[in-house]
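Encoded structure:
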């Protein structure tokens, strides 16, 4: 089928317009309030250091050996060993904590000698300041059990009739336990002791025993990483505050002043951005740019809680360019302004 080139051109033009339109604004965010978690850290906390104190020669992590009948299967269902699991979990916890951008997060590796001599009475020497908190992984246990059994597998023939065949089912049940202590200040006693656990069962079925176990090896190969990821996310949710934001969209394209204003908006220098926009209004004669400048000024006044001024600029933006974005802001600020006038 031959495609009309005019349709192709129009479609491309519309797509370009949508792309440019979507990228012409940025989002300004300000914290409205903070939801504190179950394990709230001291208010003066500004930094969290994550470490582990597990001696690598100490067998904290074990894996059950599968029956000798399955010699073709590795005794360890994964090459993810002791050092890997500990390091991976500490790294993932640090990464999860960084997501909230609430505290400075540091990851520190203790030498084996430091770990051997670890003493909670010296915990303060591992905290860089009195605003710091030390998050310590002191135990990690990983285990699994394995079972392979013969089953009767249900099937349907071509006529839709039930029948059963001999088959095999292989199962591994994984469990990972992690113990964490959280320290603050000079006290040798942790302010929180957290135990979290991850469990997952993996099953496969097949017509041959060895084939079924090989399939299980393949399906289950990332299970331990999945559980460690889950433990890291769970721990972070227990101690990290959740920021709730108010958000505003503002223009960053269309003129040099809008581009320049973006730098100040991103740095939260609202006064400087406002002065630039107001000065540009005296020189600008393009109606669409004037509308964008008025819109950005409305946003700045709304952020600052100056609803009457925000409404005035939103109205000017709408009169200059009757866009949906401008109408939405105008309607929102009109409701706010009406409520303020009635109270």
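Numbering (the working numbering), first residue to last: 3 to 345. Positions of the beta carbon are idealized from the N, C-alpha and C atoms, including for glycine.
(request) Specify, as a first and last residue, the run of the alpha helix (DSSP H) that residue 338 falls within. (result) 326-344
(message) I'd like the span of the alpha helix (DSSP H) that includes residue 34, first residue to last.
(response) Here residue 34 belongs to no alpha helix (DSSP H); instead the beta strand (DSSP E) covers 27-37.
(message) Could you tell me which whole beta strand (DSSP E) segments of length 3 or greater appear in the region 100-174?
(response) 106-109, 134-158
(request) Select from 54, 328, 250, 263 the residue whose C-alpha is nearest the C-alpha of residue 185. (result) 54
(request) Compare the beta carbon distance of residue 144 and residue 226 with 8 Å and say whether it is the shorter of the two. (result) yes
(request) Consult DSSP for residue 269 and reduce its assignment to one of helix, strand or coil. (result) coil
(message) Using DSSP's beta-bridge definition, name the partner residues of residue 252.
(response) 28
(message) Taking the beta carbon of residue 87 as the centre, do at least 16 other beta carbons fall within 10 Å, making it buried, or is it exposed?
(response) buried
(request) Could you check which residue in 314, 32, 230 has the C-alpha nearest to that of residue 337? (result) 314
(request) Let me know if residue 307 comes out buried or exposed under the rule of 16 or more other beta-carbons within 10 Å of its beta-carbon. (result) exposed
(request) State the DSSP-derived secondary structure class of residue 284, mapped to helix, strand or coil. (result) coil
(request) Note the first and the last residue of the continuous alpha helix (DSSP H) segment covering residue 234. (result) 225-241
(request) Round the Cβ separation of residue 110 and residue 147 to the nearest angstrom and send it over; I've been treating them as touching at under 8 Å. (result) That belief does not hold up - the Cβ atoms of residue 110 and residue 147 are roughly 35 Å apart, past 8 Å.
(request) Taking only heavy atoms of the ligand NAP into account, decide whether any of them is closer than 7 Å to the Cβ of residue 26. (result) Within the structure as shown, the ligand NAP is missing, as the structure has no ligands at all.
(request) Over the uninterrupted alpha helix (DSSP H) stretch that includes residue 291, give me the two end residues. (result) 289-305
(request) Leaving out five residues on either side along the sequence, give the residues of the same chain with a beta carbon under 6 Å from the beta carbon of residue 52. (result) 92, 95, 96, 109, 137
(request) Return helix, strand or coil for residue 199, following the three-state DSSP convention. (result) strand
(message) Along the chain, where does the beta strand (DSSP E) containing residue 49 start, and where does it finish?
(response) 49-54
(request) For residue 222, name the three-state secondary structure that DSSP assigns. (result) coil
(request) Might you give, ordered along the chain, the residues of its own chain that have their beta carbon closer than 7 Å to the beta carbon of residue 271, omitting 5 neighbours on each side? (result) none
(request) Rounded to whole angstroms, what's the CA-CA distance from residue 222 to residue 204? Just pull it up for me. (result) 6 Å
(request) Out of 290, 252, 326, 106, state which residue places its alpha-carbon closest to the alpha-carbon of residue 300. (result) 252
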